[in-house]
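Notes follow the structure.
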Amino acid sequence: MANSYKNAKDTYAKFGVDTEKVLKTLDAIPLSMHCWQGDDVGGFETPDAELSGGGIQTTGNFPGKARNPDELRADIAEALKYIPGQTRLNVHACYGEFGGKKVDRNEISYEHFKGWVDWCKSMNLGMDFNPTYFSHPLSNDGFTLSSADKGIRNFWIEHGIACRKIAEKMGKALGKTVITNFWMPDGMKDFPADRLAPRERMADSLDKIMKVKISKKYNKDSVECKLFGIGSESYVVGSHEFFMGYAVKNNMLLTLDSGHFHPTETIADKISSALLFVPEILLHVSRGVRWDSDHVVISDDNTNAIMQEIVRCGAVDKVHIGMDFFDASINRIFAWAIGMRAARKCLLNALLDPIAMMKKAENAFDYGTRLALIEEARNLPASEVWEEYCRRAGKPTGLKMIDGIKKYESKVLFKRK
Ligand code: RNT
Ligand code: ZN
Numbered sequence: 144m145a146n147s148y149k150n151a152k153d154t155y156a157k158f159g160v161d162t163e164k165v166l167k168t169l170d171a172i173p174l175s176m177h178c179w180q181g182d183d184v185g186g187f188e189t190p191d192a193e194l195s196g197g198g199i200q201t202t203g204n205f206p207g208k209a210r211n212p213d214e215l216r217a218d219i220a221e222a223l224k225y226i227p228g229q230t231r232l233n234v235h236a237c238y239g240e241f242g243g244k245k246v247d248r249n250e251i252s253y254e255h256f257k258g259w260v261d262w263c264k265s266m267n268l269g270m271d272f273n274p275t276y277f278s279h280p281l282s283n284d285g286f287t288l289s290s291a292d293k294g295i296r297n298f299w300i301e302h303g304i305a306c307r308k309i310a311e312k313m314g315k316a317l318g319k320t321v322i323t324n325f326w327m328p329d330g331m332k333d334f335p336a337d338r339l340a341p342r343e344r345m346a347d348s349l350d351k352i353m354k355v356k357i358s359k360k361y362n363k364d365s366v367e368c369k370l371f372g373i374g375s376e377s378y379v380v381g382s383h384e385f386f387m388g389y390a391v392k393n394n395m396l397l398t399l400d401s402g403h404f405h406p407t408e409t410i411a412d413k414i415s416s417a418l419l420f421v422p423e424i425l426l427h428v429s430r431g432v433r434w435d436s437d438h439v440v441i442s443d444d445n446t447n448a449i450m451q452e453i454v455r456c457g458a459v460d461k462v463h464i465g466m467d468f469f470d471a472s473i474n475r476i477f478a479w480a481i482g483m484r485a486a487r488k489c490l491l492n493a494l495l496d497p498i499a500m501m502k503k504a505e506n507a508f509d510y511g512t513r514l515a516l517i518e519e520a521r522n523l524p525a526s527e528v529w530e531e532y533c534r535r536a537g538k539p540t541g542l543k544m545i546d547g548i549k550k551y552e553s554k555v556l557f558k559r560k
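Count along the sequence shown from 1, add 143, and you get the number used in my numbering.
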């Protein structure tokens, strides 16, 4: 045990915080890492999978992105060398292993994901899943489950059902519950004449997907709202009110993505409210710069505020923390490692806060002491506790992490042509 950690431990004890307990709690909280940072949301469908439509975008062309499942897994394994704590891998349906064959979205099945499941098992990773409602000819006019065309709607309903079945099998194989996140890009660039009908169709399609009996022990479904996207600036069918309502009505999980609200609106304050009405929450932790830009997560005020709310609501078991960022302009291993570590660091900060003292002051209407504690907490030696945590987990920090990833960059990434 390093001396600096011992000092930090003593300092925190004065504020009523047991760092040993915190480290245990921290280590057991899973964070879900999204596979799609590894190839800019491309996926492995044939021919030539690439992110298109859906109102989301990656910018940049940093060399060496993964071109097939094996490369993606190698890159994930490399990133995991620097990521401490329980991790889950979040896979999108377009990342199935189709063996060079064209398998349309409504025809996918568990066999296409068995490779991922076996690998995750061997790496001791849990899993999460997502139907892919973008980058497809039948999503090109901007509507999927809410399309006015019955054939298109049915195609996407079949896709949703196929995904829930796959997720259930994944959960069974892993012996761990999978969370399946439904995000549909449906919306319009300019003012719609009819905002209601697409929403009625979206709800009806979802009802048809959710009607299929799937064991909640192995799969839980979540729905993700959004304010706007590129090409859906004026209207998104699955708005916050729409999905909050849908999730409450159907007792489902609600996904809150940090980039999916007004630019000055943050998701931290939504957690305590939503948890009163939905059983669980899924978070897409992201960093929007001026818009839903999906920049790599860092330990900024926003991320700290999110983690504080999870901890202070006592909702560590009810809020599932997933990442959703994709930056194609930097080394993608860095992106994963930086984002995952930042999220966990913020979680650590939240656990280290002198909450008991703050609550005591608050209950005594002593808001001066409360503010003093908030300010003091910013200067407590959390970084020493983080160092100790990584040391115990055998994960390099600081310059060692940078050196390690740079080596992989020259040895592996830059050799991919
Ligand atoms: C898009 C949503 C959605 C996607 C992933 C790839 O705005 O955030 O979660 O990022 O499904
Ligand atoms: Zn998201």
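Yeah, the Cβ is synthetic: ideal placement off N, Cα and C, and Gly gets one too.
{"Asked": "Inter-residue spacing [alpha-carbon to alpha-carbon] between N297 and M345", "Found": "11 Å"}
{"Asked": "CB contact flag (H463, E527, <8 Å)", "Found": "no"}
{"Asked": "For N267, the nearest candidate out of L223, F277 and D284 (CA to CA)", "Found": "L223"}
{"Asked": "Contact shell at 5 Å, judged by CB to any heavy atom of the ligand RNT, ordered along the chain", "Found": "I199, W326, D400 and D467"}
{"Asked": "Buried versus exposed call for Y238 [16 or more other C-beta atoms within 10 Å across all chains shown]", "Found": "buried"}
{"Asked": "Neighbour-count burial assignment, R521, 16 or more Cβ in a 10 Å radius", "Found": "exposed"}
{"Asked": "M270, buried or exposed, once every other Cβ within 10 Å from all chains shown has been counted against 16", "Found": "buried"}
{"Asked": "DSSP state of S553 mapped onto helix, strand, coil", "Found": "helix"}
{"Asked": "Which listed residue (T512, H177 and T409) has its alpha carbon closest to that of C263", "Found": "H177"}
{"Asked": "Cα-Cα separation between R559 and F205, rounded to whole angstroms", "Found": "12 Å"}
{"Asked": "Check whether R475 and K208 have beta carbons under 8 Å apart", "Found": "yes"}
{"Asked": "contact_flag[the stretch 298–312, the stretch 320–336] where n(CB pairs < 8 Å) is 3 or more", "Found": "yes"}
{"Asked": "Segment contact flag, the stretch 486–502 with the stretch 433–453, C-beta cutoff 8 Å, min 3 pairs", "Found": "yes"}
{"Asked": "Proximity winner among E250, H403 and Q229, relative to A236 (alpha-carbon distances)", "Found": "E250"}
{"Asked": "N362 and T409 closer than 8 Å at C-beta", "Found": "no"}
{"Asked": "Residues bridged to D183 [DSSP beta-bridge criterion]", "Found": "Per DSSP, none; premise fails for D183."}
{"Asked": "Closer than 7 Å: E408 CB and nearest the ligand ZN heavy atom", "Found": "no"}
{"Asked": "Distance between G431 and A471 (C-alpha atoms, nearest Å)", "Found": "15 Å"}
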